[in-house]
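Structure, as structure tokens:
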Amino acid sequence: MIIRRYIIREIIKPMGLITLVLTVIFASFSSANYLADAAHGLLTANTVLSLTALKTLIGLEALLPTALYLAVIIGLGRLYNDSEMTALAASGFGELQVLKAVAGPVILVAAMVAALTLSIRPWAYGMAYRLEARALATLDIDKLEGGRFYRLGQTDNVLFASRIDRDGNKLEDVFFRSSPETGTQIIRAREAHLSTSGDRPVMVFVDGQGYGIDDQGSADLVLRFHTLALPLDPGGGDVGYKRKAVSLHRLAASQNPGDLAEYQWRLSMPVASLVLGLLAVPLSRSRPRHGRFSRLFVAILAFALYYNLLSVARTWLDQGKVPAMPGIWWAHFIPAAILLMLLIQPYARLRLERDRRPPPAS
Numbered sequence: 003m004i005i006r007r008y009i010i011r012e013i014i015k016p017m018g019l020i021t022l023v024l025t026v027i028f029a030s031f032s033s034a035n036y037l038a039d040a041a042h043g044l045l046t047a048n049t050v051l052s053l054t055a056l057k058t059l060i061g062l063e064a065l066l067p068t069a070l071y072l073a074v075i076i077g078l079g080r081l082y083n084d085s086e087m088t089a090l091a092a093s094g095f096g097e098l099q100v101l102k103a104v105a106g107p108v109i110l111v112a113a114m115v116a117a118l119t120l121s122i123r124p125w126a127y128g129m130a131y132r133l134e135a136r137a138l139a140t141l142d143i144d145k146l147e148g149g150r151f152y153r154l155g156q157t158d159n160v161l162f163a164s165r166i167d168r169d170g171n172k173l174e175d176v177f178f179r180s181s182p183e184t185g186t187q188i189i190r191a192r193e194a195h196l197s198t199s200g201d202r203p204v205m206v207f208v209d210g211q212g213y214g215i216d217d218q219g220s221a222d223l224v225l226r227f228h229t230l231a232l233p234l235d236p237g238g239g240d241v242g243y244k245r246k247a248v249s250l251h252r253l254a255a256s257q258n259p260g261d262l263a264e265y266q267w268r269l270s271m272p273v274a275s276l277v278l279g280l281l282a283v284p285l286s287r288s289r290p291r292h293g294r295f296s297r298l299f300v301a302i303l304a305f306a307l308y309y310n311l312l313s314v315a316r317t318w319l320d321q322g323k324v325p326a327m328p329g330i331w332w333a334h335f336i337p338a339a340i341l342l343m344l345l346i347q348p349y350a351r352l353r354l355e356r357d358r359r360p361p362p363a364s
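Going by this note's numbering, the sequence shown opens with residue 3, and the numbers climb by one from there.
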């Protein structure tokens, strides 16, 4: 029990620092993207802070397993470097016992990740979408610059204006593109202005053309208009169907490949936490005095390969290239098989050496 607590302490100490560093870096990158929008009048300072906090909360589903994985590598690497693992093995506390000790923090982190992905993730995305919808409803045209493309929030909506008439508070020579579920909509107009006279602010386009491009190619549409009003706020806080904000139960009932990919991704993150945390135990093996970070490069490479496998599997499922089974799950089988082989390897080597020994002389 004392040895297990000692090993857990050696893992928890670096994990706290690594989690803090990764969270700060992630939040900094997230805020940098939003600050650029704030500088051009797309977001307010309070919205930037709220969106950064929500994105960081969502990012914890990947940051926590990463921090645990690196902490196990570093913590056990120090024990190998100081020959403490050799002493533990000589006293009968082998790698399987170390694995059992590490399993406690690994299961705890996996449970936290499960709570994040299954409950907090859709809630946080829903809040973020609503904040961005409200931000678009209060778009400050006076802060926009002519000749720049603006991506509106996390949507695929893009706004461009060649010139800004600040006296008239309107955009000139306007291009607008949106990407609903069924295809692409494009608007070209001589000018546009934001109207807030009603309950819902709308962008009013004047003298232009609209193009509706259907993904199936069967319902394309071309129209000319003198005035076209486009609501920026869906109204009532409803941002439409966003699969990242949809409940797990609703995703499970869907047959859409994109919904299935999101559903399996949420379930995959706790599994990835378990596999990564346990995989770090054999990957941390090193010779004494080789340095506690001697295996870090190999560990980072294995981590990158694992998450790339998961990303590829998710993309294939999203595009309908693979069925729901195996779906994303095959990406977990490969590292799990490697983990099993690495755990068996020392015992197989000992047995092979024992079999090669010459029989004792009679």
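Heads up, the beta-carbon is just placed ideally off N, CA and C, and yes, glycines get one too. Quantities reported herein were computed from a predicted structural model and do not represent experimental measurements.
Buried or exposed for residue i, going by 16 or more other Cβ atoms inside 10 Å?
i	result
Ile166	buried
Thr21	buried
Ala47	exposed
Tyr82	buried
Gln266	buried
Lys145	exposed
Glu147	exposed
Asp1	In the structure as shown, the chain starts at 3 and stops at 364, and residue 1 therefore has no counterpart that could be examined.
Leu173	buried
Pro325	exposed
Met343	exposed
Ala89	exposed
Ala130	buried
Tyr8	exposed
Phe178	buried
Phe305	buried
Gln347	exposed
Gly94	exposed
Ser275	buried
Look at residue i and residue j and say whether their C-beta atoms are less than 8 Å apart.
i	j	result
Val104	Leu66	no
Phe151	Val176	no
Ala126	Thr49	no
Leu262	Ile75	no
Ser270	His334	yes
Pro2	Leu319	This structure leaves residue 2 out entirely; the chain is present only between 3 and 364.
Thr58	Leu24	no
Leu62	Leu133	no
Gln211	Leu225	yes
Hey, out of the options, whose CA is closest to residue i's CA?
i	options	result
Leu278	Ile109, Ala326, Glu193 and Val176	Ile109
Leu341	Ala274, Thr88, Ile188 and Pro284	Pro284
Ala55	Leu319, Ile122 and Leu298	Ile122
Gln99	Val111, Arg6, Ile27 and Ile143	Arg6
Arg192	Ser164, Arg168 and Gly185	Ser164
Gly79	Gly322, Ala282, Ala306 and Thr317	Ala282
Leu120	Gly260, Ser249, Ala274 and Trp318	Ser249
Met17	Val111, Gly210 and Ile4	Val111
Ile143	Val204, Ile9, Asp320 and Arg11	Val204
Ser2	Leu196, Asn171 and Arg153	What the structure shows of the chain is the stretch from 3 to 364, and residue 2 is not part of that stretch, so it cannot be assessed.
Thr229	Asp209, Phe335, Tyr213 and Asn258	Asp209
Ala113	Arg268, Pro328 and Ala247	Arg268
Ile215	Ala231, Ile188 and Ser197	Ile188
Tyr309	Ala29, Met3 and Tyr71	Tyr71
Arg316	Trp331, Ala304, Ile302 and Phe305	Trp331
Lys197	Tyr213, Leu232 and Phe178	In the sequence on display, residue 197 carries Ser and not Lys. Checked all of Tyr213, Leu232 and Phe178; the closest Cα to Ser197 is Leu232.
Pro337	Ala135, Val273 and Met327	Val273
Leu19	Gly77, Tyr213, Leu101 and Leu253	Gly77
Going by DSSP, name the residue or residues bridged to residue i.
i	result
Tyr213	Ile188 and Val224
Val26	DSSP output for Val26 lists no bridge partner at all.
Thr21	Partner(s): none; Thr21 has no beta bridge.
Phe151	Phe162
Ser197	Val204
Arg179	Val160 and Ile188
Thr58	Paired residues: none, contrary to the question.
Lys172	Asp167 and His195
Entirely enclosed alpha helix (DSSP H) segments - the segment 60-114, minimum 4 residues = 86-92
Can you give, in chain order, each stretch of the alpha helix (DSSP H) that sits fully within the segment 269-327 and has at least 4 residues?
-> 298-320
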